[in-house]
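Here is the structure we will look at.
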Amino acid sequence: MSRERCGRCGCDLGAGREGVFYCENCLRTSRHAGHAGMWWATIIALILMVGGGVTMAIMAPKLTISSDLRLLIGLGLTLVPALFWLIIFYSADKLEPEPKGYVFGLFILGILLGGAIQQPIQRDIYELQRWLLPSIAGGKWIPLVGSFLLKGIVTAALTYFAVRFTVMPTSEFDERVDGIIYGTAAALGLGVAANLAYLSEHGTISLGVGALQIIITSLAYASFGAIMGYFIGLIKPGGGASVLAPFGVIVTAIIQGLYEWMVMQMGSNNLNYNPWPSLIATAVFAAVAYAVVFILIASAYRAMVVNPSGKESLA
Amino acid sequence: MSAANTGVSLAFSEQPIPVRRSADFLVLVILIAALAIGWWLRGEVLNATDSANVADAGVQLLVPKRSIALPNSRDLWAVETPSGLRVRINEMPLPTLKEGQADPRQNPLVLVTDRALEEARTVDMFRSVSTAIQNVAGVASGIQEYLYVDQNAAKFYSSPLRVMHGYEVLIPQGDHVVIVSLEGPDTKWDQVKEFWPRLLNSLKFSEVKK
Numbered sequence: 001m002s003r004e005r006c007g008r009c010g011c012d013l014g015a016g017r018e019g020v021f022y023c024e025n026c027l028r029t030s031r032h033a034g035h036a037g038m039w040w041a042t043i044i045a046l047i048l049m050v051g052g053g054v055t056m057a058i059m060a061p062k063l064t065i066s067s068d069l070r071l072l073i074g075l076g077l078t079l080v081p082a083l084f085w086l087i088i089f090y091s092a093d094k095l096e097p098e099p100k101g102y103v104f105g106l107f108i109l110g111i112l113l114g115g116a117i118q119q120p121i122q123r124d125i126y127e128l129q130r131w132l133l134p135s136i137a138g139g140k141w142i143p144l145v146g147s148f149l150l151k152g153i154v155t156a157a158l159t160y161f162a163v164r165f166t167v168m169p170t171s172e173f174d175e176r177v178d179g180i181i182y183g184t185a186a187a188l189g190l191g192v193a194a195n196l197a198y199l200s201e202h203g204t205i206s207l208g209v210g211a212l213q214i215i216i217t218s219l220a221y222a223s224f225g226a227i228m229g230y231f232i233g234l235i236k237p238g239g240g241a242s243v244l245a246p247f248g249v250i251v252t253a254i255i256q257g258l259y260e261w262m263v264m265q266m267g268s269n270n271l272n273y274n275p276w277p278s279l280i281a282t283a284v285f286a287a288v289a290y291a292v293v294f295i296l297i298a299s300a301y302r303a304m305v306v307n308p309s310g311k312e313s314l315a
Numbered sequence: 001m002s003a004a005n006t007g008v009s010l011a012f013s014e015q016p017i018p019v020r021r022s023a024d025f026l027v028l029v030i031l032i033a034a035l036a037i038g039w040w041l042r043g044e045v046l047n048a049t050d051s052a053n054v055a056d057a058g059v060q061l062l063v064p065k066r067s068i069a070l071p072n073s074r075d076l077w078a079v080e081t082p083s084g085l086r087v088r089i090n091e092m093p094l095p096t097l098k099e100g101q102a103d104p105r106q107n108p109l110v111l112v113t114d115r116a117l118e119e120a121r122t123v124d125m126f127r128s129v130s131t132a133i134q135n136v137a138g139v140a141s142g143i144q145e146y147l148y149v150d151q152n153a154a155k156f157y158s159s160p161l162r163v164m165h166g167y168e169v170l171i172p173q174g175d176h177v178v179i180v181s182l183e184g185p186d187t188k189w190d191q192v193k194e195f196w197p198r199l200l201n202s203l204k205f206s207e208v209k210k
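First to last, the sequence lines map onto chains A and X. Residue numbering for the first sequence follows the working numbering, beginning at 1 and increasing consecutively. Residue numbering for the second sequence follows the working numbering, beginning at 1 and increasing consecutively.
Structure (C-alpha cells):
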C-alpha cells in the first residue's frame, strides 16, 4: 500500500490518498512566513486604492481632464485593482504556490472569455442594459432573478469551464486551495472584460464614483471566482461528488445575483440619484465575500493537513 | 517531468488526471436552463404592454408597460416609459380642399407636409427624414420619420443636445386628423423601430364623446 508524504518536507503521513497533503508543522511554518509583511502590504494597498478612489470622487468635479486622459485612467483603474487582487489571492497559496504562468494565463483567458462570450451574451443578445433595471422591469423579483440567471450563472459557469478545461486536468491542480487561486484568476479576467466593455461603451468614465465602482467590482468578481473555485477544489483533489460543480455554480450565482441586485436597487432612485449608499453597501458586501473567501482558504488548508499519526486534522 | 527539458508547456507535458464528465454536463445543463429562462424573462419585460383608451381622440392603443402620463406636455395625450420612449396623440383639422389640390384622404402625404411645417415652427431643428403611405385601421394614412432637438432653450448652448427620433402616423377621421407619434432619444431608435409596428397594429378608433 502506498504511503502519503508531506507535500513540503516529505515526512510520512500514513496511508496514501488522492491529492497533496501537508503535515501540521509545515502549515504552521508557512502561515508565519512573511505573514505580517503580507498583511501590511495588503492594508496599505487597500488604503491607497480606496483613499485614491474617494479622493477622486470628491475632487473629480473640480478638475478639468481631457477625455483621452480619462480613458487612460479608466484603463488603469480596470487593470491595476484586478492585478492587485490577483497578487493577494496568489499570495494566500503559501504551501505550494501555483506556476505564475498558469495563474496569469487563466486571468488572460478570463478576459478573452468575457470579451468573446460573456459580454456579447449580456449586452448584445440579452440587452440587459435595456431591461434588467428596477425602473423598467418593475418590482424586485425580475431584476433579482435576472441577475442570478444571466449574470451569476453565466459568470460562474464560465469560471468553471475555464478552470476545468485548462489547469484542472494537470497534475499541478493537486490541492483544494488551487481551485480558489485559479477560480479567482479566471473570474478576475471576466471582471476586467466587464469593466472594459463599460469603458468601450461610454468611451470614458466618470472619475468620481465610477472609479470606486470599478475597484469594488474587481474585488467582487475575485470573491465570486474564489467561491466557485472552492467547489472545484472539492471535486478533484478533494474527491467530492460531481454534483458539487453545479451546486457551486448555483451558490456562486446566488451571491453574485444578490450583489448585482444591490448595485441596481440602491442606485435606481432616478429623481434624486445618490450613488454613495449603493457604493458603501456593495463595498461592504464585497468585503464580506472577501472575508468568506479567506475562511474558505483556511478551511481548504485544514483539510489538507494530516497528523503524522495518519489522521486528517480537523482543527 | 520538467517542462524546461522538453520545451513543451507544463499543461500539455504532464499526464492528465481524469475528471468526471458528469460535472461538466450538469453545469452545462444549468447554463442552458438559465439562458432559456433569462430569454423568457427578457421577452416578458420588453414585450409587456398596457392598453390605453384616449377618449378625447377616440383612440385605443397599446403602449409599453409602466408608461407614465405626461400631464404638462403640449400634446392632447402623452405617456413616457422609464427608458424615455414617448407615445403622443394629437389632433389637427382636416385641411379644406382647395381647387387643384389633392384630397388629403386620397393622398395623406399632403397631411404629412402640413404637419412637418407645423412642427418645424414648434420645436427646435425639426427635420422630416422620410414619408410613406400606409393603411392603418382600414384608413389610408401618412407616416413620417422625424428628428428634432428636445432642449431647454436656456441651456441650448451649454449642454449636450438631446436629439429625439420618432415616427408618427396621420390618420384622417371624419373632419379631423388623428396624429399618433412614437419617439425617443436617438440612442433608443432601435426600440422605437421595434415597437412601432405593434403600436400601428393596435390602433382602433371609436366615436369621440364630446
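The C-beta atom is built at its ideal place from N, Cα and C for all residues, glycine as well.
How close, in whole Å, do the beta carbons of residue 154/A and residue 118/A come, if the pair is a contact with beta carbons under 8 Å?
Indeed they touch by this definition, with Cβ atoms about 6 Å apart.
DSSP puts residue 77/X in a beta bridge; with which residues?
89/X
Considering only the alpha carbon of each residue, which of 83/X, 127/X, 124/X lies closest to residue 192/X?
83/X
Check each residue of the region 34-56 of chain X: if its Cβ is closer than 8 Å to any Cβ of chain A, include it; give the result in chain order.
For the region 34-56 of chain X, residues whose beta-carbon sits nearer than 8 Å to a beta-carbon of chain A comprise 34, 35, 37, 38, 39, 41, 42, 44, 45, 46.
Which of the three DSSP states is assigned to residue 191/X in this structure?
helix
List the whole-angstrom C-beta distance separating residue 192/A from residue 106/A, where the pair is believed to meet the contact cut-off of C-beta under 8 Å.
The pair is not a contact, with the Cβ atoms about 12 Å apart (cut-off 8 Å).
Distance check for residue 91/X and residue 176/X, CA to CA, integer angstroms please.
7 Å
Between the region 75-96 of chain X and chain A, which residues of the former have a C-beta closer than 9 Å to a C-beta of the latter?
81, 82, 83
Helix or strand or just coil, what does DSSP make of residue 221/X?
With chain X represented from 1 up to 210, any question about residue 221/X goes unanswered, as that position is not in the structure.
For residue 199/X, the nearest candidate out of 119/X, 34/X, 48/X (CA to CA)
Across the set 119/X, 34/X, 48/X, the C-alpha of 48/X shows the shortest separation from the C-alpha of residue 199/X.
Residue-chain proximity (residue 105/X, chain A), Cβ-Cβ < 7 Å
no
Can a CB atom of chain X be found closer than 7 Å to the CB of residue 54/A?
Interface with chain X (7 Å Cβ-Cβ cutoff): residue 54/A is excluded.
Confirm, please, whether the CB-CB distance from residue 229/A to residue 183/A is below 7 Å.
yes
Run of the alpha helix (DSSP H) containing residue 123/X, from where it starts to where it stops
Where residue 123/X is concerned, there is no enclosing alpha helix (DSSP H), because DSSP gives it neither an H nor an E.
With a cut-off of 7 Å, does the C-beta of residue 249/A fall near any C-beta of chain X?
Yes - at least one Cβ of chain X is within 7 Å of the one on residue 249/A.
Within chain A, the residues that residue 69/X reaches when beta carbons sit closer than 9 Å:
Chain A residues near residue 69/X: none, gap ~16 Å exceeds 9 Å.
Do residue 88/X and residue 78/X count as a contact pair if the criterion is CB distance below 7 Å?
yes
Residues of chain X with CB closer than 8 Å to the CB of residue 299/A, please, in chain order.
None at all; the shortest Cβ gap to chain X is about 21 Å.
Counting contacts by CB-CB distance shorter than 7 Å, is residue 97/A in contact with chain X?
no
Please check if any C-beta of chain X sits within less than 7 Å of the C-beta of residue 157/A.
So yes, residue 157/A belongs to the interface.
According to DSSP, residue 173/X sits in a beta bridge with which residue or residues?
176/X
Taking residue 134/A as part of the beta strand (DSSP E), name the residues at either end of that continuous run.
That residue, residue 134/A, is in no beta strand (DSSP E); its alpha helix (DSSP H) goes 134-137.
Is the CB of residue 261/A under 7 Å away from at least one CB in chain X?
no
For residue 241/A, the three-state DSSP class (helix, strand or coil)
Assignment of residue 241/A by DSSP, reduced to helix, strand and coil, places it in the coil class.
Check each candidate in 79/A, 69/A, 93/A and name the one with the smallest Cα separation from residue 300/A.
93/A
List the whole-angstrom C-beta distance separating residue 149/X from residue 124/X, where the pair is believed to meet the contact cut-off of C-beta under 8 Å.
4 Å
Note down the Cα distance separating residue 43/A from residue 297/A, rounded to an integer number of angstroms.
19 Å
What's the C-alpha gap between residue 150/A and residue 121/A?
9 Å
Would you say residue 6/X faces chain A, with C-beta separation under 7 Å as the test?
Since pLDDT at residue 6/X reaches only 39, below the 50 mark, its modelled position is unreliable, and no value is offered.
Taking C-alpha atoms, which residue in 82/A, 49/A, 50/A lies nearest to residue 195/A?
82/A
Distance, residue 42/X Cα to residue 29/X Cα
Computed Cα separation, rounded: 20 Å.
For chain X, check one thing: does any of its Cβ atoms lie closer than 7 Å to the Cβ of residue 175/A?
no
Contacts that residue 136/A makes with chain X (C-beta to C-beta distance below 8 Å)
45, 66, 81, 82, 83
Taking 7 Å as the CB-CB limit, is residue 223/A close to chain X?
no
Beta-carbon separation (whole angstroms), residue 168/X vs residue 134/X, contact threshold 8 Å
That belief does not hold up - the Cβ atoms of residue 168/X and residue 134/X are roughly 12 Å apart, past 8 Å.
Selection from 303/A, 287/A, 262/A, 294/A that minimises the alpha carbon distance to residue 134/A:
262/A
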